[in-house]
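First comes the structure, then the notes that go with it.
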Amino acid sequence: MRLSQILISTLREDPADAEIPSHRLLARAGLIVKIAAGVYTYAPLMWRVVQKFAQIVREELNREGANEVMLPIIQPKELWVASGRWDRYVNDGIMFTLKDRKGTEMCLGPTHEEVMTTYVNAQVNSYKQMPVNCYQIQDKFRDEIRPRFGLMRGREFIMMDAYSFDADVAALDAAYQKMRNAYCRIFERCGLDYTVVQADSGAIGGAGSEEFMVIADSGEDSILYCQQSGYAANVEKAASKLPDAPNGGEPKKMERHATPDVKTVAQLQAFFPGWEAGRMAKTLLYHVTWKAKVKVIAVMMRGDLEINEVKLTNTLDALSVRLATDDEIKAATGAETGFAGPVGLRDDVPLIADESLRDRTNLLCGGNESGFHCLNVNLGVDCRMPSFKDLRTARAGEGCPISGHPLQQARGIEVGHIFKLGIKYSKAMSATFMDQQGKPQPFVMGCYGIGVSRTPAAAVEQHHDEKGIVWPASIAPFECVVAMLDPKRDEQVVLAEQIYQKLKAAGVDACLDDRPLSPGAKFKDHELLGFPVQIFVGRRAAEGFTEFLLRRGMQKSEVAVADLTAQVLAALGR
RNA sequence: CGGGCCGUAGCGCAGUCUGGUAGCGCGAUUGGUUUGGGACCAAUAGGCCGUGGGUUCAAAUCCCACCGGCCCGACCA
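FYI, in the working numbering the residues of the first sequence are 309 to 882.
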């Protein structure tokens, strides 16, 4: 391709609304253009990037026997009612809904479990037809509460989702493993530094799930990992071994103390010298929403630790949880915020506690009365015995649950997520096949997503410098650019053309920069656009020499034309 | 949805406090000179100052409402 024929519009200045490197660079390079919040046009060079990545995804999925299909973007409400997800997605506000001419409610697909399950259910009647794995690569729509970071969190975005259908759990496990392997190959081929972490399965539900995280400071997810054991988990899911808190000793008689205006753990430590946070048990009131009811419940946590609301939601099998408001707290405990405790808590307020409080004695708790706290509280003696659950947010520095070594923390961009769904959707939607006994059974499903527009952005996040993007060769818009510095000089034009043709003949995805720009402008453009290998045909063209630049590291050397193709192939690892 | 902020030429911004001719840089167009780090000279084009209402002799500027957008938070296959 000749760059003179491609729409390229790099900006001299950073766009005003971009924060993170990938958004800033993709916008400045003119590769993405915003049309509304979280909605972007992909410029020709960016579309090449997306297509190259999508092709890698296809090749690796096809290798595992998956079938590419095209599913509708517009979906009828009834499918979502059948799976039980309409209300949740609409209430969460992320569903784009619309009505057709007849007034039938439809939505723009935020994901495709419903459609795919319906499709496969109609086609697959027998266990003999499985395993089946279908995927699609296309636009998805989510009216994100807060779109941001360019392609990282858009409202319209490109995604690959694959769905596997099997007759039993063992077959699902095999399908899952195949997809996991394919995912590893995909992200390796993109040159990404990624980690597979245990994850919460969230709104989509199901048994096990793992996320593929690209490590980057701008990542929206926090992950904890251990190099010794290989353990890695999203902080939403992570477990850890805790260092012991100070022992409370033999149970003593509870004391009630006036603590006016002392509300926080820090204030309590100052008020009661010698009582460390680890000997306190804070009690937080949560407003919990289930499908058919809402309730305020009390959750106890050791004073020096934090509640993990994802774990709390899962433990309670709730749709959502949020901290209770001051009014709700007063209604439930009779006390102002800051004095809630288990002692004398109303019987109709359920009480649960984190495992870190099991068997702990002589705790410091809120008094359930404004201005009072209790010392030497013993659970099950001075108050109800709570049920104990893992509700704690694991933190860096705590022990790895496998090796005990201190956990380390990093930020990650979620580029892939794989789930063992089981029969959650097939059962809800009555999607069944005939088993060997001739009895209908629900499909055992898995689902597997990759952010197709997000992954290239993540690649930029990981591969850039102060001058611009440094594309990994496998997804670069072109592997190599051949630029004539002065298109008015015939020897440069002729030589550049020759080199370009030779590279193409050698199988290099090359482009020719024949634009009538000054040399400086071309240098800047190519630094920003990030072609991995850059060849400049300039003042030494007549002598048969060119300049050879590797974008990563910006190493520049003079190379004779005769050696050029070999050098380019070597630089591309071929 | 809570908190903070912003809408002025294609992009980046000044002007708004203190009402009175709408500006700067980049980009674009034309002509000329250039050609190794976003060239130079000259000329030109380009604005319902987000929208609607109000105050005023007079509104980009003051007031109200709405719309759009950004950041923090909550939220989030």
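For each residue, glycine too, the CB sits at the ideal point set by N, CA and C. In this text, all values refer to a predicted model and were calculated from it rather than measured experimentally.
Whether residue i touches residue j by CB criterion (8 Å)
i    : j    : result
C673 : G712 : no
A791 : V845 : yes
H725 : E519 : yes
V365 : I758 : yes
L959 : Y594 : The chain is shown from 309 up to 882; residue 959 falls before or after that span and cannot be answered.
M609 : R668 : no
P658 : A606 : yes
V358 : P764 : yes
V596 : V618 : no
V689 : P551 : no
M467 : K448 : yes
E769 : S526 : yes
V685 : V723 : no
L353 : R823 : no
V752 : V573 : no
A818 : E787 : yes
A546 : G754 : no
A702 : L687 : no
F741 : V432 : yes
L665 : R396 : no
Exposed unless 16 or more other CB atoms sit within 10 angstroms - verdict on residue i
i    : result
E386 : exposed
D821 : buried
W890 : The question about residue 890 has no answer here: the residues shown for the chain are numbered 309 through 882.
N370 : exposed
S734 : buried
G881 : exposed
W583 : buried
P581 : exposed
I897 : Only positions 309 to 882 of the chain appear in this structure, which leaves residue 897 out of reach.
K601 : exposed
S695 : exposed
T633 : exposed
P568 : exposed
Q444 : buried
A362 : buried
A874 : exposed
A870 : exposed
T419 : buried
W394 : buried
R356 : buried
8 Å contact criterion, which residue i and residue j should meet: CB distance rounded
i    : j    : result
G586 : A553 : 3 Å
C534 : C708 : 4 Å
I340 : G458 : 6 Å
F647 : G679 : 7 Å
R336 : T349 : No, R336 and T349 are not in contact; Cβ-Cβ is about 15 Å, not under 8 Å.
E327 : A490 : At roughly 33 Å, the Cβ-Cβ gap does not stay under 8 Å, so E327 and A490 are not in contact.
D451 : M403 : 7 Å
Which of helix, strand or coil DSSP assigns to residue i
i    : result
R450 : coil
A874 : helix
Q506 : strand
S317 : coil
C755 : strand
G707 : strand
L858 : strand
I328 : coil
K407 : strand
T740 : strand
N441 : strand
N375 : strand
I494 : helix
A850 : helix
R719 : strand
H713 : coil
L627 : coil
H725 : strand
F361 : helix
D501 : coil
Quick one: which unbroken beta strand (DSSP E) runs of 3-plus residues sit fully inside the segment 533 to 565? Chain order, please. 540 to 542
Where in the segment 773 to 829 do unbroken runs of the beta strand (DSSP E), each at least 3 residues long, occur, reported from the N-terminal end onward? 788 to 792 and 818 to 821
Every unbroken alpha helix (DSSP H) within the segment 575 to 617, with a cutoff of 4 residues, ordered by chain: none
Length at least 3, wholly inside the segment 635 to 703: the beta strand (DSSP E) runs in chain order: 659 to 662, 671 to 674, 680 to 685 and 695 to 697
Please give the ranges of any beta strand (DSSP E) in the segment 459 to 485, keeping only runs that are unbroken, at least 3 residues long and fully inside the region. 464 to 474
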